[in-house]
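As given, the protein sequences belong to chains A, R and F, one line each in that order.
In this text, residue positions in the first sequence follow this note's numbering: the first is 1, and each later residue adds one.
In this text, residue positions in the second sequence follow this note's numbering: the first is 1001, and each later residue adds one.
In this text, residue positions in the third sequence follow this note's numbering: the first is 2001, and each later residue adds one.
Remarks on the structure that follows.
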Amino acid sequence: MSRGASTAPEIRDTTLAAQGITVRLSGRTILDDVSFTIARGEFTGLIGANGAGKTTLFRVILGLQTPTRGHVRINGDDRSRRHVGYVPQKFLLDPDMPVRGRDLVGLGLDGHKLGLALPSRSRRRRVDEMLEAVDAGRFADARVGQLSGGEQQRILIAHALISQPKLLLLDEPLANLDLRSAQEVVRLLARIAREQRISILISAHEMNPLLPVMDRIVYLAAGRAASGTAEEVVRSEVLSTLYGHHVDVLRVHGRVIVVAGTGHDEHAALEGFADGAGAVEIV
Amino acid sequence: MFSGFMVNAWLVATMVAIVGGAVGFFVVLRGSAFVAHAVPNGSFAGAAAASLVGINTIIGLAVFSLGGALGIGLLGRRGRHDVATALTLVFMLGLGALFLGFSIEYAPEIYSLLFGEVLGISSTELAPTAGLAIASLAALAILYRPLLLSSIAPETGQARGISPFRIELAFLVVVALATTMTVPVVGTALIFSLMIGPPAAARAFTVRPHVAIALSIALALVTVWAAIALSYQTNWPVGFFVGTISAAAYAAGRAWTFTRRGASSARS
Amino acid sequence: MHQVLRAIVEPGFFSSSAVALAAVVGGLVALVAGAVGVFTVLRGQAFAGEALGDIGAAGGSSAYLIGIAPLWGFVGIAVAAAGVMETIGIQRARGRDLATGIVLGAGFGLAALFLYLGTTFDNTTGATITILFGSIFALDKAILPAALVFGALALAIIVACYRPLLLSSISPELAAARGIPVRLIGGLYLIAMAVAVALAAVTIGAILSTALLIGPAATALQLTTRPARAIVTAGLIGLGAMWLGLLLAYDSYDWPPLHHGWPVSFFVVTLVLIVYLSARILTRGRTRR
């Protein structure tokens, strides 16, 4: 079961169309008939617990994992990976590396081409513009391996964006950030999506920081997906069907909390603790 | 010190330093110190084989360097990279033992093969050495951008279509070419010093990649030239000076990093 | 039956005292190296293991040339090198390998110097060959007690630190969180490895030292994830490779081209590699959890 409550694809300017993606590895079904579309300039959240299959789905989109069934089309084209920018979850940059953030962003332009880069003024200008756009100008000339996690992430976002992709993928960008940094990144990304008409797909295990800016959500549970707007998808009936057991969706002060029901719970899912402290206050 | 047969020594040493410094930049960037040690050391079996069969030593070195590099790349694709390097190395050395055992004439040259014999470079060896140097540098130039990106941030490179495995193989081949040409000068035992010490120092002193490569080459040149000059004066082996000066360069780089960043972060 | 045995084992193998000594010392070294090597592979320190073997060998031969008993030279210098590596003290794998490489390079440089200063041209070659390949059939009986002591020392350190060593090898962060002094353990381990590797290098040569340190352990870790089992398996594989290699080397005495036998190093290394590759192929596609 996965049919999303999505609007008819022909009407929207579709950047990404995933159709029936199934991935089976070593006897385990990681993704089961996942279908959804992303329109131009849409901000989509791929929400799911750890191990739900988010990274696998990303790898399929990037062409690094061949699905057992199904396919992904980006801008109508099966193999075009250049249009996809990617910011990985873990990026262990060596602190001693003689590389500046500026250099890494420059490599986003032409790092895949053979040979040496000819120094050019227009290249420098584009790099400067990109750094400004992500507000990384301050630390662009420092050793990139010595920047904080959030700063490195901005550099990587700039690196991914500078080639002007139609689609930007970010793998759990908020996972290790404090609340304030997470909010800044989300605002930045929403602005980019709006201004540059770039589709953004962010994976996260916690949807609340994204609720204010998400246009659509793809909710992943037990390898199955439901896609649509947050109102359409994040409902007890929809999620219970996905999970295969009863879950309750509570809305508290504008935040969403998904709680497993009582009974036979093999995969109890407890999400939405915005402060991570494990306590729920309904006031 | 600058006349007659010494001219050859200076020329070859200069080429060696340029290639060593340039390739070494990536060796240090990628953390491939073990590979830089294993490929030339294992290639010594090739020299033994070449002498056995009666062909030019360089050919034997080249074949075994490339073979070793490819062996490391393929074996290390899945599973531990350092295990692959170690096993490939010892296997090649085992072959070397075998070939040495097949011949009674080869033995005397082992010392110079291990530690270098730059003063014994003849004019006929200049051309092939220069050829290999140009080939190594050209290969490095062609690979430069994807190699740099894949070395810094492999996952993002992969998303752009740069296969980390293919880049690794290509880089190993470049290391093989570079070490082949440098072995007669510095020896299999010590070429990797040149590929580690100067680049490690260079990266400590600058943050810009292009400057770091240039500085790495410059420091390698200083190392080799000083080694030759000192060896000429004292008759002590060139390899000794290369090993110790490289270590000094590395130490200087670490010291600089230490003072720049403070003790705690330098320990990470 | 007698014929078959005669075909596999050349006459004199079981009665030769040189072979017996080689088998005992070689077997001992294989067991120690296998046990220590499991941690080497877990910690990703294969380069350090190889480097210490080379340094120990180079240093040991230099010691011999200035009149110190080789075994002490080997062990002393290997431990000193381990100390230097530890002092440079970088914990990240990449930085650690760089430090290892520099120490190795400096060590080789010194060896080059000592060899040059201490010998004539001819002796240099002989010393160099012995360093690399060992001379297992020409061991002195006096080495046995020392070998036992050093082997026991290396194993004792491993046994004494077993659980903290295991945890800090698998996850340094977890170990630190539990209050384990990760750096101290790492330093002790490096010393144990230096002793084991030096012992191996002086008896069976630097090449075999690395081969027996890494190969059997890597093979064992392919086949099992239980550390104790891996240690036993590694020791047994090393032992088997060593003894079979000795047998083949002995048998090869009449083989072409020069009829003075093929080197033990070659046989043992090839056996180790074959076993490792077989394990890789056998476990291909099997997901070990």
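Cβ atoms here follow ideal geometry from the backbone N, Cα and C, with glycine treated the same way.
Keep in mind that this is a model prediction, so the values were computed, not measured.
Alpha carbon to alpha carbon, how far is residue j from residue i? Give it in angstroms, no decimals.
i, j, result
"F/ALA2217", "R/PHE1025", "32 Å"
"R/GLY1157", "A/GLY101", "15 Å"
"R/VAL1211", "A/PRO173", "32 Å"
"R/ALA1047", "R/LEU1113", "8 Å"
"A/PRO67", "A/THR22", "6 Å"
"R/LEU1143", "F/VAL2202", "43 Å"
"F/GLY2238", "F/ASP2054", "20 Å"
"R/SER1123", "R/ALA1252", "36 Å"
"F/PHE2013", "R/ARG1166", "49 Å"
"A/ARG138", "A/ARG154", "11 Å"
"R/VAL1224", "F/GLY2107", "18 Å"
"F/HIS2026", "F/VAL2264", "Before going further, note that residue 2026 of chain F is Gly rather than His in the sequence given. Cα to Cα, F/GLY2026 sits roughly 11 Å from F/VAL2264."
"R/GLY1131", "R/MET1181", "9 Å"
"F/SER2171", "A/LEU211", "36 Å"
"F/ALA2048", "F/ASP2097", "7 Å"
"F/TYR2116", "R/VAL1238", "11 Å"
"A/GLY276", "A/ASP13", "Model confidence at A/GLY276 stands at a pLDDT of 38, short of 50, so the residue's coordinates are unreliable and nothing is read from them."
"A/LEU250", "F/ILE2157", "57 Å"
"A/GLN183", "A/ARG124", "30 Å"
"F/ASP2122", "A/PHE91", "Its pLDDT being 49, under 50, F/ASP2122 is placed unreliably by the model, and the measurement read from it follows with that caveat. Using only the alpha carbons, I get a separation of about 53 Å."
"A/VAL280", "R/THR1085", "Because A/VAL280 sits at a pLDDT of 38, beneath the cut-off of 50, its placement in the model cannot be relied upon, and the following sentence gives the value as read from the coordinates. Rounded to the nearest angstrom, the two C-alpha atoms are 53 Å apart."
"A/VAL252", "A/LEU239", "18 Å"
"R/ARG1078", "A/GLU195", "43 Å"
"R/VAL1012", "R/THR1206", "28 Å"
"F/THR2270", "F/ALA2023", "18 Å"
"F/ALA2198", "F/SER2278", "29 Å"
"F/VAL2029", "A/HIS83", "57 Å"
"F/SER2017", "F/LEU2139", "10 Å"
Which residue or residues does DSSP assign as beta-bridge partners of residue i?
i, result
"A/ALA39", "A/THR14"
"A/ILE71", "Residue identity check: residue 71 of chain A is His in the sequence provided, not Ile. The partner list for A/HIS71 (beta bridge, DSSP) reads A/GLN19."
"F/ALA2154", "DSSP output for F/ALA2154 lists no bridge partner at all."
"A/LEU31", "A/VAL23"
"A/GLY228", "A/ILE217"
"A/ILE47", "A/ALA204, A/TYR219"
"A/ARG143", "A/ARG100"
In the DSSP assignment, find the beta strand (DSSP E) that holds residue i and state where it starts and stops.
i, result
"A/VAL87", "84-87"
"A/ARG216", "216-221"
"A/LEU167", "167-171"
"A/ARG235", "No beta strand (DSSP E) contains A/ARG235, which DSSP labels as neither H nor E."
"A/ASP248", "247-252"
For the alpha helix (DSSP H) containing residue i, list its first residue and its last residue.
i, result
"A/LEU201", "That residue, A/LEU201, is in no alpha helix (DSSP H); its beta strand (DSSP E) goes 199-204."
"R/LEU1052", "1033-1053"
"A/VAL256", "That residue, A/VAL256, is in no alpha helix (DSSP H); its beta strand (DSSP E) goes 255-260."
"R/PHE1102", "1081-1102"
"A/ARG180", "179-196"
"A/HIS159", "149-161"
"R/LEU1147", "1126-1152"
"R/LEU1008", "Correcting the residue type first, residue 1008 of chain R is Asn in the shown sequence and not Leu. First-last of the alpha helix (DSSP H) with R/ASN1008: 1005-1030."
"A/LYS54", "54-62"
"A/MET289", "The question about residue 289 of chain A has no answer, for chain A in this structure spans 1 to 283."
"A/ALA117", "Neither: A/ALA117 is in no alpha helix (DSSP H) and is coded neither H nor E."
Q: Can you give me, in chain order, the residues of the stretch 46-76 of chain A that have a beta carbon less than 7 Å from any beta carbon in chain R?
A: LEU62, LEU64
Q. When Cβ atoms are compared, which residues of the stretch 1214-1240 of chain R fall closer than 9 Å to chain F?
A. ASN1235, TRP1236, PRO1237, VAL1238, GLY1239, PHE1240
Q: Could you list the residues in the stretch 108-120 of chain A with a C-beta less than 7 Å from some C-beta on chain R, going in chain order?
A: ASP110, GLY111, HIS112, LYS113, LEU114, GLY115, LEU116, ALA117
Q) Which runs of the alpha helix (DSSP H) spanning at least 4 residues fall entirely within the stretch 2192-2263 of chain F, listed in chain order? A) 2206-2223, 2227-2251
Q: With 8 Å as the C-beta to C-beta threshold (strictly closer), list the residues of the stretch 1122-1147 of chain R near chain A in chain order.
A: ALA1141, ILE1142, LEU1143, TYR1144, ARG1145, PRO1146
Q: Go through the stretch 1170-1237 of chain R residue by residue and report every complete run of the alpha helix (DSSP H) that reaches 4 residues or more, in order.
A: 1191-1205, 1209-1234
Q. Any residues in the stretch 1146-1172 of chain R with a beta carbon nearer than 7 Å to a beta carbon of chain A? Which ones, in chain order?
A. PRO1146, LEU1148, LEU1149, ILE1152, ALA1153, GLU1155, THR1156, GLY1157, GLN1158, ALA1159, ARG1160, GLY1161, ILE1162
Q: Below 7 Å between beta carbons is the criterion; list the residues of the stretch 1172-1206 of chain R that meet it against any residue of chain F, in chain order.
A: ALA1189, LEU1190, PHE1192, SER1193, ILE1196, GLY1197, ALA1200
Q) Listed from N- to C-terminal order along the chain, which residues in the stretch 1001-1029 of chain R have their beta-carbon within a distance smaller than 8 Å of any beta-carbon of chain F? A) VAL1028
Q: Quick one: which residues of the stretch 1043-1060 of chain R get their C-beta closer than 8 Å to a C-beta of chain F? List them in chain order.
A: none
Q) Which residues, in chain order, does the stretch 147-159 of chain A contribute to contact with chain R at a C-beta distance below 9 Å? A) LEU156, HIS159
Q. Just by C-beta distance, which residues in the stretch 1081-1092 of chain R are closer than 8 Å to chain F?
A. ASP1082, VAL1083, THR1085, ALA1086, LEU1087, LEU1089, VAL1090, PHE1091
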